[in-house]
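Participant: What follows is a single structure, and I will ask about it in a moment.
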Amino acid sequence: MASEIRLEVAVPCPLRNLFSYKASADLGVEPGCWVEVPFGRRRVTGLVLAQVDPAGDTNPAFELKEIFAKAEQLRPLDTATLELIQWSIRYYHVAPWDIVSNMVPLSLLQRQPGGEKFWVASTGFSPDLLSRARRRRELLLWMQAREAVSDSQISAAGFSPTLRRELVKQGLVSEATAAPGFAPQKQLPSTHLPQLTREQHEAVDAVALGREQVYLLQGPTGSGKTEVYMAVAKAAIAAGRQVLLLVPEIGLTPQMEKRIRQSLPARIATYHSEASDADRRDIWQAFGDGNIDLVIGTRSAIFLPAPRLGLIVLDEEQDVSYKQQEGWRYHARHIAALRARQCQAPLVLGSATPSLESLFHLERGRYIPLQLTQRHGQGAMPIWQIEPLSPQSKSLLSQASLEAIEMALQGGNQVMVFINRRGFAPAYECQACRWVANCPNCSCRLTAHLQHHQLLCHQCQFARPIPNRCDQCHSQRLQMLGAGTERLENFLQQRFAAWPALRVDRDSTRQRGKRQQLMEQAAQGQAGILVGTQMLAKGHHFPGVTLVVVLGIDQGLLSADPWAMEQTAQLCIQVAGRAGRGKLAGRAILETGLPEHPVLLQLTSAGYQATARELLRQRRTGHLPPFSYWALLRVEHQDFRTCEQVLQQVVDALQASRSPEVSLLGPMPCLLERRGDRYRYQLLIQSSLRSRLHEVTDKALQLLEQFGAKRRLRWSVDVDPLGMD
Ligand code: ADP
Ligand code: ZN
Ligand code: ZN
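Quick look at the structure:
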């Protein structure tokens, strides 16, 4: 009889433990392999994370179930990915399958056996047939120049396999009868990287390929950071290595892709959560096979396996979208640092407004600073103006802003009005009895959206038609309070009727491709007004903008969230950075009810660096991260008493065995106390020692599982939180 081994397997379920199975040793199942196992009454595919030698098995009497089979058709994960999963389980304390399903595109698991299909283009047709379908035409041309190609090669060349499927439907491409001995061909477009400035050269030269080191590239918007990324990437690719370039948002990938394609002779692909399952699977495999040189992607691209990874770049490294805000709350910057260590590669973080965390590491000498100071093709940094808002004012915008807008438009320039709030008005109120329309499920107000004649909850998506009588006193004297993007757009459109107003927010860009279209329209620089949320503030060049007006930042300045101030300061600088044209400095007006706020004064007079240093000092005094380590336990239940009781039980049990380096804060209600008909409570675990934080968090979760099990309590854990919503 063949000897048996014991396997530790991650299976699709929300539990935080691995499951043990036995398997015959001659199946050759190793960590990283996929296996078919019995789980409850089901047959599921799981991932083997470890193998235990039966001789050292501490629990041999336990009757283990046997695996059904090794999933031969599924490619095993590489060691680096496996290591990352194991590390993440320990660090983030979430269920192993949460991690596996975030790292690995699960479409990989639905893969048909029998390997890849190959496709050939018919040469009988002229690509001119497709004159109106540009990308399909390009793909057809590309395929006609080759023998059979697979979908992974197609995506490696930058085409979506969806295009290939369309060509098959049209009969222009068909499946090849035999796989060719194919070596993917490098397409070499003409390259034109600009002559780098001395500063840029110094930055590029400072990055040592082949060594684990984090660099923080600081430079205002338009200072040429992207050119530095491209030059370093080019060097890495020339040295035979692969590159991961992360951008915070899917909307930024096409722009970046276009620039990089124009200047790098490489096999490039883009990867983000909105790509189709098939595309993601193909890129996962092609990058993992080393058939793609560079991937531009959002957060989840950080998990792409790569046999020759030689450089990771995170653009706008301070952006909070690098942190996943549900389920497994990982931070892509953190994962990037681990991967850089694994493969002895540099990690380049770039920003005009670095996170306090990165500045902290810089101060401690852990990161190497790279600095760009000049702005190319854009003017000097904008001139700030703080405009006090009087509480009595009924106008949506101050007189000063209106005059400045008028002047800019008359001069043939663009104006950007920024407010981080979509919809028409954030509150709907009865003037007779002061009733305010609240969400029935959440502790927040409903936002009025005139476009859809609805009051909408931005937390739980509850919607109701806008009532014309007060719910409470039936008065008809109802009013909209405050403004969001929709109201500003209406107002500005009426006030400056001779110029177009363009709104860019989640509502106006819901349609596919709409966002890109709006951005392109905006970038053409025709005089007019752009109204938008932070969607407008990120990474886009609008060369025609000379004036930026920023509204609605007071909330961020007053918030109890320890991260709100940092994020508000970053946002102000980022938005203001959109102004400026040619050699002329732009103007940025901050409308605020807190004109004397020290952070605003410092930000506008001394700049981001000085402000960030001051904010860091405050964090040190307050023992806030990064000067202490935090984990946040959140629980949710329909009854707030259950939330409180269970967390209190956890606290009591932890206090009994408390260690001096750990402090507990809570239970306390979350800032948003109720959401989607559930109360939300939290417990903050703080420690000056990472190891103690992990021990206590682990203990706390075990207790939660124990006390919360029979009470239908939901809970989540957030290690290194970036906000306390
Ligand atoms: P950032 O990434 O810092 O916002 P970019 O790299 O996008 O800055 O540069 C801003 C603009 O300046 C781009 O249009 C870019 O092509 C141009 N640019 C940057 N560096 C140079 C250079 N050395 N020579 C000419 N143009 C440059
Ligand atoms: Zn009323
Ligand atoms: Zn709600």
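In terms of the numbering used here, the sequence shown opens at residue -5 and continues consecutively.
A virtual CB, placed ideally from N, CA and C, is assigned to each residue, including glycine.
(1) Are the CB atoms of V543 and L496 within a distance shorter than 9 Å?
(2) Going by DSSP in three states, I413 sits in which element: helix, strand or coil?
(3) Just mark D47 as buried or exposed, buried being the case when its beta carbon has 16 or more other beta carbons within 10 Å.
(4) Below 6 Å CB to CB, which residues in the same chain sit around Q336 once its five sequence neighbours on both sides are set aside?
(5) Exposed or buried, what is S599 when buried is set at 16 or more other beta-carbons lying within 10 Å of its beta-carbon?
(6) Can you round the beta-carbon distance between I262 and I290 to whole angstroms, since I take them to be within the 8 Å contact cut?
(7) Using a threshold of 9 Å, state whether the C-beta atoms of P723 and Q676 are closer than that.
(8) Expressed to the nearest angstrom, what Euclidean distance is found between the alpha-carbon atoms of H631 and N432?
(9) Just tell me which of A625, F536, I523, G478 has its CA closest to the CA of A419.
(10) Which runs of the beta strand (DSSP E), 3 residues or longer, sit entirely within the segment 201 to 262?
(11) Return helix, strand or coil for K16, following the three-state DSSP convention.
(12) What residues are listed by DSSP as bridge partners for M662?
(13) Ignoring anything shorter than 4 residues, give me the alpha helix (DSSP H) runs that lie fully in the segment 45 to 104, in order along the chain.
(14) Nearest-angstrom Cα distance between E655 and Y623?
(15) So for Y623, helix, strand or coil by DSSP?
(16) Would you kindly work out how many angstroms separate the C-alpha atoms of G321 and R293, rounded to a whole number?
(17) Once you ignore the five residues that flank A402 on each side, which residues in its own chain have a CB closer than 7 Å to its CB?
(18) Going along the chain, which residues of its own chain have a beta-carbon closer than 6 Å to the beta-carbon of F153, five neighbours each way excluded?
(19) Count the other C-beta atoms from every protein chain shown that fall within 10 angstroms of the C-beta of R130, then say buried if there are 16 or more, exposed otherwise.
(20) Ligand 1 and E311: does any heavy atom of the ligand fall closer than 8 Å to the residue's C-beta?
(21) For G406, count neighbouring C-beta atoms within 10 Å of its own C-beta (all shown protein chains included) and say buried if the count is 16 or more, exposed if not.
(22) Runs of 3 residues minimum, wholly inside the segment 561 to 632: which ones carry the beta strand (DSSP E) assignment?
(23) If you draw a straight line from the C-alpha of S257 to the C-alpha of A554, how long is it?
(24) Buried or exposed: G22, going by 16 or more other Cβ atoms within 10 Å of its Cβ?
(25) To the nearest angstrom, how far is the alpha carbon of L341 from that of L124?
(26) Any residue with its Cβ nearer than 5 Å to a heavy atom of ligand 3 should be included. What is that list in chain order?
(27) For Q368, which of L678, I413, P214, I61 has the nearest alpha-carbon?
(28) Taking only heavy atoms of ligand 2 into account, decide whether any of them is closer than 8 Å to the Cβ of A421.
(29) Would DSSP call D309 helix, strand or coil?
(30) Where does P6 fall in DSSP's three states?
(31) With a threshold of 8 Å, are at least 3 pairs of Cβ atoms found where one atom belongs to the segment 293 to 313 and the other to the segment 264 to 271?
(32) Given that a residue counts as buried once 16 or more other Cβ atoms are within 10 Å of its Cβ, and exposed if not, what is A173?
(33) Return yes when at least one heavy atom of ligand 2 lies under 8 Å from the C-beta of H535, else no.
(34) Can you list, in chain order, the residues of its chain whose CB lies under 6 Å from that of D145, leaving out five sequence neighbours each side?
(35) Return yes when the C-beta of R439 is under 8 Å from any heavy atom of ligand 2, and no when it is not.
(36) DSSP three-state call for M529: helix, strand or coil?
Facilitator: Reading it off the structure:
(1) Judged by beta-carbon spacing, V543 lies beyond the 9 Å limit of L496, meaning their Cβ atoms are not closer than that value.
(2) Looking at I413 - three-state DSSP - the assignment turns out to be strand.
(3) Classification of D47: exposed, given that the 10 Å Cβ count is below 16.
(4) If we look at Q336 and ignore the five residues flanking it on each side, its Cβ neighbours are A74.
(5) Burial state of S599 is exposed, judged by a 10 Å Cβ sphere holding fewer than 16 other Cβ atoms.
(6) Right, the Cβ-Cβ distance comes to about 7 Å (below 8 Å), so this counts as a contact.
(7) Residue 723 is absent from the structure shown; the chain starts at -5 and stops at 719.
(8) Just so you know, the alpha carbons of H631 and N432 end up roughly 20 Å apart.
(9) When only C-alpha atoms are compared, the closest one is G478.
(10) Entirely contained in the segment 201 to 262, the beta strand (DSSP E) runs reaching 3 residues are, in chain order, 207 to 212, 236 to 240.
(11) Secondary structure of K16 (DSSP, three-state): strand.
(12) As a beta-bridge residue in DSSP terms, M662 pairs with Q676.
(13) Here the runs fully enclosed are 73 to 86, 90 to 97.
(14) Their backbone Cα atoms lie some 11 Å apart in a straight line.
(15) Here DSSP, grouped into helix, strand and coil, assigns Y623 to strand.
(16) Note on geometry: alpha-carbon atoms of G321 and R293 lie some 14 Å from one another.
(17) V409, T540, L541.
(18) If we look at F153 and ignore the five residues flanking it on each side, its Cβ neighbours are L133.
(19) Answer is buried; the Cβ neighbour count reaches 16.
(20) Not so, every heavy atom of ligand 1 lies at least 8 Å from the Cβ.
(21) Exposed, since its Cβ has fewer than 16 Cβ neighbours within 10 Å.
(22) DSSP runs (the beta strand (DSSP E)) wholly in the segment 561 to 632: 581 to 586, 623 to 631.
(23) Distance between the alpha carbons of S257 and A554: 46 Å.
(24) Under this definition G22 is an exposed residue.
(25) If you take the alpha carbons of L341 and L124, they lie about 42 Å apart.
(26) Cβ atoms closer than 5 Å to ligand 3 belong to C433, N435, C436, C451, Q453, C454, F456.
(27) Of the candidates L678, I413, P214, I61, P214 places its Cα closest to the Cα of Q368.
(28) No, since every heavy atom of ligand 2 falls outside the 8 Å radius drawn around the Cβ of A421.
(29) The three-state secondary structure of D309, taken from DSSP, is strand.
(30) If DSSP states are grouped into helix, strand and coil, P6 belongs with coil.
(31) The segment 264 to 271 and the segment 293 to 313 touch, with three or more beta-carbon pairs separated by less than 8 Å.
(32) Caution is warranted here: a pLDDT of 41 is assigned to A173, below 50, making its placement in the model unreliable, and the coordinate value is therefore given only provisionally. The residue is exposed, with fewer than 16 neighbouring Cβ atoms inside 10 Å.
(33) No; taking the cut-off as 8 Å, the Cβ of H535 has no heavy atom of ligand 2 nearer than that.
(34) Taken in chain order, the residues that qualify are P155, D276.
(35) No.
(36) Secondary structure at M529: helix, using DSSP grouped into helix, strand and coil.
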